[in-house]
Structure formats: structure tokens, C-alpha cells
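Heads up: take any position in the sequence shown, counting from 1, add 605, and you land on this note's numbering.
Glycine is no exception: its CB is placed at the ideal position from the N, C-alpha and C atoms.
For reference, the structure discussed in these notes is given below.
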Amino acid sequence: MAATSTDKLEAGTVSSYDRKSEIKAFDDSKTGVQGLVENGVTKVPLMFYCENSNLNDGVTSASNSKISIPIIDLTGIHDDPILRDHVVGKVRYACEKWGFFQVINHGIPTHVLDEMIKGTCRFHHQDAKARKEYYTRKVSRKVAYLSYYTLFEDPSADWRDTLAFSLAPHPPEAEEFPAVCREKMDVIDLEDESIDAEVLNSMAVSNEHFHTALGTSNPFALRETVVEVPNVSCGRILEALKMSSVSCKRMWKNFVGQSNC
606 MAATSTDKLE
616 AGTVSSYDRK
626 SEIKAFDDSK
636 TGVQGLVENG
646 VTKVPLMFYC
656 ENSNLNDGVT
666 SASNSKISIP
676 IIDLTGIHDD
686 PILRDHVVGK
696 VRYACEKWGF
706 FQVINHGIPT
716 HVLDEMIKGT
726 CRFHHQDAKA
736 RKEYYTRKVS
746 RKVAYLSYYT
756 LFEDPSADWR
766 DTLAFSLAPH
776 PPEAEEFPAV
786 CREKMDVIDL
796 EDESIDAEVL
806 NSMAVSNEHF
816 HTALGTSNPF
826 ALRETVVEVP
836 NVSCGRILEA
846 LKMSSVSCKR
856 MWKNFVGQSN
866 C
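Structure follows, in C-alpha cells:
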């Protein structure tokens with residue numbers, strides 16, 4: 606990677622910095638941001654700097670401190686066509702204006718979500734050699750480890766690593782998952798078409814949970830798990846959400862967490 610100083614970059618005097626070469630070297634390493642940390646990096650590489658950032662240096666105003674992310678409630682969408690259309694509209698708005706949203710009452714038990722986070726954490730804590738086996742930026746791969754897909758297109762790189770699973774329409778086979786992410790125990794009864802109301806009510810996540818998570822995580826430890834987003838309409842997205850419970854049941858039959866992060 607380039608050894609140009611950050612001070613020169615900020616002063617606008619960098620003339621020999623080869624950003625493409627730095628990004629290529631980063632991608633060729635196949636170890637992501639975690640690899641930089643493991644190799645003892647002491648300064649954030651230039652490829653991660655955004656020269657034209659419009660952030661307010663962390664200043665929080667009274668107006669933006671009350672912002673909450675969109676919440677999509679799936680309760681009753683299978684029985685009420687009018688409610689279903691309303692939820693589709695909320696998904697469309699969240700995708701267009703925010704780029705992400707939180708889903709509640711989707712039928713996935715809390716302990717399954719907890720094991721998902723633990724399994725992802727175990728994957729990123731593996732040796733670089735084990736992680737490299739899954740490194741790819743091909744969106745066709747059902748299981749992929751990478752920094753992120755648009756690394757070469759974005760004006761500045763994101764300080765993050767990603768473990769991505771493509772679950773629909775055909776989820777990966779058990780042997781396709783990393784060994785540290787496999788499960789041998791049934792977490793949901795595949796023959797049971799309903800989920801207890803108590804379980805569903807326990808699924809809600811508040812803004813306080815997000816603040817707590819960010820406050821207890823080191824910057825380089827923040828990791829992301831994503832599902833490949835197909836190029837389809839909001840209606841199709843909702844149909845995928847409708848079937849996500851079955852997909853997750855099948856996936857989490859083979860997704861195990863026996864140790865803590």
C-alpha cells in the first residue's frame with residue numbers, strides 16, 4: 606500500500622499517490638480491514654479518506670438526535686391485502702429515502718439472531734488463511750467474504766468487512782457455510798407453521814440497543830452481515846420477506862454457535 610502521509614493528502618499536495626494500486630493491493634490481500642489491523646497498521650490508509658465529506662464533525666443538533674430508522678412490522682400482512690399494500694409502501698419509502706430498515710414480528714426467535722451475530726463474529730476472528738477461502742466480490746456466490754462489493758467504484762473506501770449470505774430463492778447447502786457458522790441443532794420446528802406470540806413480541810430492537818452496540822464496539826471490530834439484494838420491485842421484496850422465515854429455518858438448522866465472540 607502507498608506510504609503517502611495523511612497530512613499531505615489533507616493539504617492537497619499529494620501528487621504521487623496511486624489510489625488504484627492501493628485498492629488493488631488491499632483487494633488482492635483477501636483479508637479485508639481485519640487484515641490491516643492484524644498487520645499492525647497505525648494510520649488509516651489514504652484509500653479510506655473522503656476529501657469532500659459534508660459531515661458536521663460529529664455535531665449533533667436537537668433535530669437529528671431524534672431521528673429513528675424506519676420500522677417494518679409484518680404482523681397480519683398475510684391476512685389483510687390492504688395492510689399488505691401499506692407495508693409495501695413503507696418498504697418502498699425506506700428503500701428510496703434511507704437505504705435500510707428494521708423488520709419486526711418476522712417470526713425469527715431472538716436466540717437465532719443472537720447465534721447469527723456470534724457466528725459472524727467467530728468468522729471474522731479466524732486466522733486470515735481461513736477467511737481467504739471465502740473471499741470474493743462476485744455477487745453470484747452464495748457465501749462471500751469481502752470488504753464490500755463496490756470497492757473499486759466508490760470515491761472512498763469504507764472501513765468495514767462483510768460476510769454475505771444469499772438466501773433466496775435457494776439458500777446455501779450446509780457444507781457451503783463456514784465451519785464456524787454451522788449448526789447441528791434445530792432451532793425452529795419446520796413442521797410448525799406458527800410462532801408463539803411471546804417470541805414475536807420479544808423481537809423488537811430499539812434505538813437504545815444500537816447506541817449500546819456502537820458504544821461497546823471498537824471501530825475496526827464493526828462487522829456487517831448482508832443478504833444479496835436482488836433487482837426486483839418492492840412487492841417482490843415483501844414476498845421474499847414472507848418466505849424468509851422458512852429460509853431462515855432451513856439455514857439455521859445448520860448454523861451453530863457454541864462459543865462466544
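From the DSSP output, in three-state form, read off residue 770 for me. Numbered from its first residue, the sequence shown carries residue 770 at position 165. Taken through DSSP and simplified to helix, strand or coil, residue 770 comes out as strand.
Beta-carbon spacing of residue 728, residue 783 below 7 Å: For the purposes of this step, residue 728 is taken as the residue at position 123 of the sequence shown. For the purposes of this step, residue 783 is taken as the residue at position 178 of the sequence shown. Residue 728 is a Cβ neighbour of residue 783, given a cutoff of 7 Å.
Look up residue 709 in the DSSP assignment and say whether it is helix, strand or coil. To locate residue 709, count along the sequence shown from 1; it is residue 104. DSSP places residue 709 in strand when its eight states are reduced to three.
Span of the beta strand (DSSP E), counted from its first residue to its last, around residue 677: As a working note, residue 677 is residue 72 in the sequence shown. Residue 677 -> beta strand (DSSP E) spans 676-678.
Thinking C-alpha only, which one of 649, 712, 702 and 732 is nearest residue 678? Residue 678 sits at position 73 when you count from the first residue of the sequence shown. If we check each option's Cα against that of residue 678, 712 comes out closest.
Rounded to whole angstroms, what is the Cα-Cα separation between residue 638 and residue 752? Locating residue 638 in the sequence shown gives position 33, where the first residue counts as 1. Locating residue 752 in the sequence shown gives position 147, where the first residue counts as 1. The alpha-carbon atoms of residue 638 and residue 752 are separated by roughly 7 Å.
Quick one: Cα of residue 675 to Cα of residue 776, how far? As a first step, residue 675 must be located in the sequence shown, where it is residue number 70. As a first step, residue 776 must be located in the sequence shown, where it is residue number 171. Distance between the alpha carbons of residue 675 and residue 776: 27 Å.
Could you tell me the alpha carbon to alpha carbon distance between residue 648 and residue 695, rounded to whole angstroms? Taking the first residue of the sequence shown as position 1, residue 648 is located at position 43. Taking the first residue of the sequence shown as position 1, residue 695 is located at position 90. Distance from the CA of residue 648 to the CA of residue 695, rounded to the nearest whole angstrom, comes to 41 Å.
What residue from 722, 750 and 622 has the CA that sits closest to residue 740's CA? As a first step, residue 740 must be located in the sequence shown, where it is residue number 135. Closest option to residue 740, Cα to Cα, is 750.
I'd like to check one pair, residue 680 with residue 710: are the Cβ atoms closer than 7 Å? Within the sequence shown, numbered from 1, the residue matching residue 710 stands at position 105. Within the sequence shown, numbered from 1, the residue matching residue 680 stands at position 75. With contacts defined by Cβ atoms closer than 7 Å, residue 710 and residue 680 form a contacting pair.
Can you give the Cα-Cα distance for residue 690 and residue 718, rounded to whole angstroms? Position 85 of the sequence shown, counting from 1, holds the residue named residue 690. Position 113 of the sequence shown, counting from 1, holds the residue named residue 718. Distance between the alpha carbons of residue 690 and residue 718: 27 Å.
Excluding the 5 residues flanking residue 794 on each side, which residues of the same chain have their C-beta closer than 7 Å to its C-beta? For the purposes of this step, residue 794 is taken as the residue at position 189 of the sequence shown. With a pLDDT of 48 at residue 794, under the threshold of 50, the modelled position of that residue is not reliable, and the figure given next carries that caveat. Result list for residue 794: empty, nothing under 7 Å.
Is the stretch 626-634 touching the stretch 649-656 in the sense that three or more CB pairs, one from each, lie closer than 8 Å? Segments in contact, yes.
Buried or exposed: which applies to residue 744, given that a residue is buried once 16 or more other Cβ atoms fall within 10 Å of its Cβ? Along the sequence shown, read from residue 1 onward, the residue named residue 744 stands at position 139. With fewer than 16 other beta carbons inside 10 angstroms of its own, residue 744 counts as exposed.
Between the C-alpha atoms of residue 778 and residue 787, what's the straight-line distance to the nearest angstrom? As a working note, residue 778 is residue 173 in the sequence shown. As a working note, residue 787 is residue 182 in the sequence shown. Inter-residue distance for residue 778 and residue 787 is about 10 Å (C-alpha atoms, whole angstroms).
Minimum C-alpha distance to residue 781 - residue among 738, 758, 748 and 723: Stepping through the sequence shown from its first residue, residue 781 is reached at position 176. Nearest of 738, 758, 748 and 723 to residue 781, Cα basis: 748.
Rounded to the nearest angstrom, what separates residue 759 and residue 646 at their Cα positions? Working through the sequence shown from its first residue, we reach residue 759 at position 154. Working through the sequence shown from its first residue, we reach residue 646 at position 41. In this structure, the alpha-carbon of residue 759 lies about 22 Å from that of residue 646.
Taking a contact to mean a Cβ-Cβ separation below 7 Å, would you say residue 715 touches residue 768 in this structure? Indexing the sequence shown from 1 puts residue 715 at position 110. Indexing the sequence shown from 1 puts residue 768 at position 163. Contact annotation: residue 715 and residue 768 have beta-carbon atoms that are not nearer than 7 Å.
Just to confirm my understanding: we take residue 731, look at its own chain, exclude 5 residues before and 5 after, and list those with CB closer than 7 Å. What are they? Stepping through the sequence shown from its first residue, residue 731 is reached at position 126. If we look at residue 731 and ignore the five residues flanking it on each side, its Cβ neighbours are 785.
Can you name the start and end residues of the alpha helix (DSSP H) that residue 698 belongs to? Along the sequence shown, one-based indexing puts residue 698 at 93. Here the alpha helix (DSSP H) through residue 698 covers 686-702.
Can you tell me whether residue 771 is buried or exposed, with buried defined as 16 or more other CB within 10 angstroms of its CB? Along the sequence shown, read from residue 1 onward, the residue named residue 771 stands at position 166. With 16 or more other CB atoms across the displayed protein chains lying within 10 angstroms of its CB, residue 771 is buried.
Cα-Cα separation between residue 762 and residue 655, rounded to whole angstroms: Start at 1 with the first residue of the sequence shown, and residue 762 comes out as number 157. Start at 1 with the first residue of the sequence shown, and residue 655 comes out as number 50. Those two C-alpha atoms are separated by around 8 Å.
Residue span of the alpha helix (DSSP H) that contains residue 867, given as start and end: The first residue shown for the chain is 606 and the last is 866, placing residue 867 beyond what the model contains.
When we look at the beta-carbon of residue 633 and count the other beta-carbons within 10 Å, is it buried (16 or more) or exposed? Against the sequence shown, residue 633 aligns to sequence position 28. That one is exposed.
I'd like to check one pair, residue 636 with residue 735: are the Cβ atoms closer than 7 Å? Counted from its first residue, the sequence shown places residue 735 at position 130. Counted from its first residue, the sequence shown places residue 636 at position 31. No, they are not a contact pair.
Rounded to the nearest angstrom, what separates residue 698 and residue 685 at their Cα positions? The sequence position of residue 698 within the sequence shown is 93, counting from 1. The sequence position of residue 685 within the sequence shown is 80, counting from 1. Cα-Cα distance, rounded: 20 Å.
Can you tell me whether DSSP reads residue 748 as helix, strand or coil? Translated into the one-based positions of the sequence shown, residue 748 becomes position 143. Looking at residue 748 - three-state DSSP - the assignment turns out to be strand.
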